[in-house]
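Residue numbers (full-length UniProt numbering): 1 to 671.
Below, the structure is given as structure tokens:
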């Protein structure tokens, strides 16, 4: 290390800079931390500089190389003061109760192993702008309570300015910690160099997750907070959203014993997507933010639909409330019905009785409520484990519970009302009369029999999905990628994230699909249909095309007749439409898969393969759906035979499993 003197200063510095490194190394970009050894004879030394640039240069190259100083704001413009970052003393926040009549909220404990670095260090720098234009610097350079050149003290001190500037630059470029970690990558050569030079402190090693996260949170707070208090900020957000063309509902009741607020909105981009939906999913997730009225956790309600452009789930409406009650949900749904003019034919929810009652109160019989099969079976499984038990035999208990699941699956999978009635009679005969599990039968009768139209497939034949996985996927995405681990956000932060982050991401996804930059997403059934259409040999594929009006690939409008893949003497019409002077796109098919299930069919994929007419999901046109009624005609002899055969096979599987388990138990006892 080379020792040299600083001009105009009785101070000796140590050059800790390493030899040249690779230009692309993070060590080269951020540099190293070093400290200056001072050899002053007096505890306070005074300098005079001719210009502002000179004393600022001295501050950077000498004083801040000896210890870390932070600027201290002053009332007087003629004086600048810098104090050691170990200066002042640790202060505790006042614990006195406010004059508010509300009970104090329980504070979360923040556990940390790091002590405060503030130890009332007297070191400081005073800079005075003199009348003659010069600058006078009084430098109290001694640190009697700590050694700023000690490696332990360097590590405990605040992050160097180079690190702070690097973090700020990347945060302003919308980079998160995962991206920055890749940028902070150290090669084997860099690590070997640091290991061979233990006296060097790389600035890149001083950048930690919490430093990045604090700056990200600070930036989000600046963008989301339009006022100091959350309530005032929310009011400003409502004005902003209204000016941007959003439809907004804001209802506050802070007078009564139970304080409640409702905030809902639909954007200009969401509105046309929402209004052309026939089936939507509604669900809520809790602990997303904290109410500005009573500090209770809030619920985020979301309307999810299948975006016709991307064929993926898309949020098209939001509501934030601190009260998950029937009244709150009813106010929101009434606003959607009367103001937004939104009345779907079907709404799928989980098993929430609050949502069921609210939908019935607002829409009456206009909307058909569907219950998610996954949530239903989860509830059933809980009660099966509680109500079906065999004393002193865990294996027999498991066997009986498996049989119960089999019978309930038969009820769910019933395709006609008659088949359901037959399965229900069989269910009652087995579990009420033969097995004597009357409590289990009574539970199903009291809680689920009257609701059979909401969960049995006989009453939802035209439903393409039987679970609300679109909503669960959305909840996972919003909590993992947008909200992070924190669950105590302000309401204005949630508004900012949903309107300025989430919507822009979904709009970008839709635009990429529209411009054919990203291929359209296909469900498992659609991928299977495409595979069937593309695996046909050329002769069979061409035989499927019956007739074709017009000329493919020109401006003529086409009407293509395609044979059914499964039914003899049945044909369907695939209709393309001209989009540009020399291009057409498929817009519809008359088959049930397309019209009722609203999914791409084998006939569309076949036309796409043979005639090279592209499929663009945003151009597809569906006929309006009619409410589906369950079949009420008497079951034919063949249907009854199929039903009996299905039930017999299910019982045979259960009996076979019981015999296998009994045999294994006997073998264990013999051993």
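Where is the CB? At the ideal position from N, CA and C, for every residue including glycine.
Backbone CA spacing between residue i and residue j [nearest angstrom]
{"i": "residue 240", "j": "residue 291", "result": "20 angstroms"}
{"i": "residue 384", "j": "residue 450", "result": "19 angstroms"}
{"i": "residue 629", "j": "residue 467", "result": "Caution is warranted here: a pLDDT of 41 is assigned to residue 629, below 50, making its placement in the model unreliable, and no coordinate value can be reported."}
{"i": "residue 314", "j": "residue 266", "result": "13 angstroms"}
{"i": "residue 518", "j": "residue 401", "result": "46 angstroms"}
{"i": "residue 141", "j": "residue 194", "result": "30 angstroms"}
{"i": "residue 163", "j": "residue 268", "result": "42 angstroms"}
{"i": "residue 588", "j": "residue 456", "result": "30 angstroms"}
{"i": "residue 61", "j": "residue 49", "result": "14 angstroms"}
{"i": "residue 97", "j": "residue 227", "result": "Because the pLDDT of residue 97 is 37, which lies under 50, any placement of that residue in the model is unreliable, and the number read from its coordinates should be weighed accordingly. Each residue's alpha carbon lies about 24 angstroms from the other."}
{"i": "residue 478", "j": "residue 220", "result": "16 angstroms"}
{"i": "residue 154", "j": "residue 29", "result": "20 angstroms"}
{"i": "residue 373", "j": "residue 619", "result": "32 angstroms"}
{"i": "residue 611", "j": "residue 441", "result": "57 angstroms"}
{"i": "residue 564", "j": "residue 443", "result": "45 angstroms"}
{"i": "residue 31", "j": "residue 497", "result": "36 angstroms"}
{"i": "residue 207", "j": "residue 158", "result": "11 angstroms"}
{"i": "residue 176", "j": "residue 169", "result": "11 angstroms"}
{"i": "residue 416", "j": "residue 460", "result": "10 angstroms"}
{"i": "residue 390", "j": "residue 405", "result": "16 angstroms"}
{"i": "residue 541", "j": "residue 582", "result": "25 angstroms"}
{"i": "residue 597", "j": "residue 382", "result": "32 angstroms"}
{"i": "residue 422", "j": "residue 403", "result": "17 angstroms"}
Reference residue i, options the options, closest by Cα
{"i": "residue 584", "options": "593, 614, 607", "result": "614"}
{"i": "residue 123", "options": "405, 404, 71, 284", "result": "71"}
{"i": "residue 145", "options": "334, 185, 84", "result": "84"}
{"i": "residue 186", "options": "24, 371, 513, 236", "result": "24"}
{"i": "residue 42", "options": "320, 143, 33", "result": "143"}
{"i": "residue 595", "options": "191, 335, 366, 575", "result": "575"}
{"i": "residue 529", "options": "566, 285, 312, 514", "result": "566"}
{"i": "residue 504", "options": "376, 270, 538, 366", "result": "270"}
{"i": "residue 156", "options": "201, 56, 173, 31", "result": "201"}
{"i": "residue 351", "options": "196, 375, 497", "result": "375"}
{"i": "residue 485", "options": "279, 27, 446, 289", "result": "289"}
{"i": "residue 609", "options": "405, 590, 262, 586", "result": "586"}
{"i": "residue 173", "options": "415, 135, 215", "result": "215"}
{"i": "residue 515", "options": "333, 617, 230, 593", "result": "617"}
{"i": "residue 346", "options": "364, 272, 369, 332", "result": "369"}
{"i": "residue 559", "options": "261, 541, 404, 578", "result": "578"}
{"i": "residue 546", "options": "532, 561, 492, 540", "result": "561"}
{"i": "residue 736", "options": "481, 310, 357", "result": "The chain is shown only over 1 to 671; residue 736 falls outside these bounds and no answer can be derived."}
{"i": "residue 262", "options": "335, 274, 246", "result": "335"}
{"i": "residue 273", "options": "236, 301, 490, 316", "result": "316"}
{"i": "residue 180", "options": "196, 209, 482", "result": "209"}
Whole-angstrom C-beta distance between residue j and residue i, which should lie under 8 angstroms
{"i": "residue 431", "j": "residue 408", "result": "Not a contact, Cβ separation roughly 10 angstroms."}
{"i": "residue 349", "j": "residue 282", "result": "5 angstroms"}
{"i": "residue 218", "j": "residue 225", "result": "Going by Cβ atoms, the distance from residue 218 to residue 225 rounds to 11 angstroms, so no, they are not a contact pair."}
{"i": "residue 322", "j": "residue 361", "result": "About 21 angstroms separates the two Cβ atoms, so there is no contact after all."}
{"i": "residue 329", "j": "residue 303", "result": "Their Cβ separation, rounded to whole angstroms, is 12 angstroms, which puts residue 329 and residue 303 out of contact at 8 angstroms."}
{"i": "residue 606", "j": "residue 522", "result": "Going by Cβ atoms, the distance from residue 606 to residue 522 rounds to 15 angstroms, so no, they are not a contact pair."}
{"i": "residue 138", "j": "residue 46", "result": "5 angstroms"}
Buried or exposed by the 16-neighbour rule on C-beta atoms within 10 Å, applied to residue i
{"i": "residue 204", "result": "buried"}
{"i": "residue 526", "result": "buried"}
{"i": "residue 438", "result": "exposed"}
{"i": "residue 87", "result": "buried"}
{"i": "residue 344", "result": "buried"}
{"i": "residue 318", "result": "buried"}
{"i": "residue 353", "result": "exposed"}
{"i": "residue 133", "result": "exposed"}
{"i": "residue 306", "result": "buried"}
{"i": "residue 82", "result": "buried"}
{"i": "residue 511", "result": "exposed"}
{"i": "residue 191", "result": "exposed"}
{"i": "residue 37", "result": "exposed"}
{"i": "residue 150", "result": "exposed"}
{"i": "residue 68", "result": "buried"}
{"i": "residue 286", "result": "exposed"}
Interface flag, residue i vs chain C, CB-CB below 7 angstroms
{"i": "residue 421", "result": "The structure shown contains no chain C; it is built from a single protein chain."}
Runs of alpha helix (DSSP H) wholly within the stretch 186-212 (minimum 4 residues, chain order)
188-196
Just list the alpha helix (DSSP H) runs in the stretch 467-545, keeping only unbroken ones of 4 residues or longer that don't cross its boundaries, in chain order.
469-477, 491-497, 503-514, 524-535, 538-544
Could you name each continuous alpha helix (DSSP H) segment of 4 residues or more that falls completely within the stretch 23-88, going from the start of the chain to the end?
26-30, 52-58
In chain order, what are the residue ranges of uninterrupted beta strand (DSSP E) at least 3 long that sit wholly in the stretch 555-585?
559-563, 571-580
Contained beta strand (DSSP E) runs [length at least 3] in the stretch 412-475, N- to C-terminal order:
none
Return the chain-ordered ranges of every alpha helix (DSSP H) run that is complete within the stretch 221-284 and spans a minimum of 4 residues.
230-243, 270-275
Beta strand (DSSP E) segments (min. 3 residues) lying fully within the stretch 302-333:
313-321
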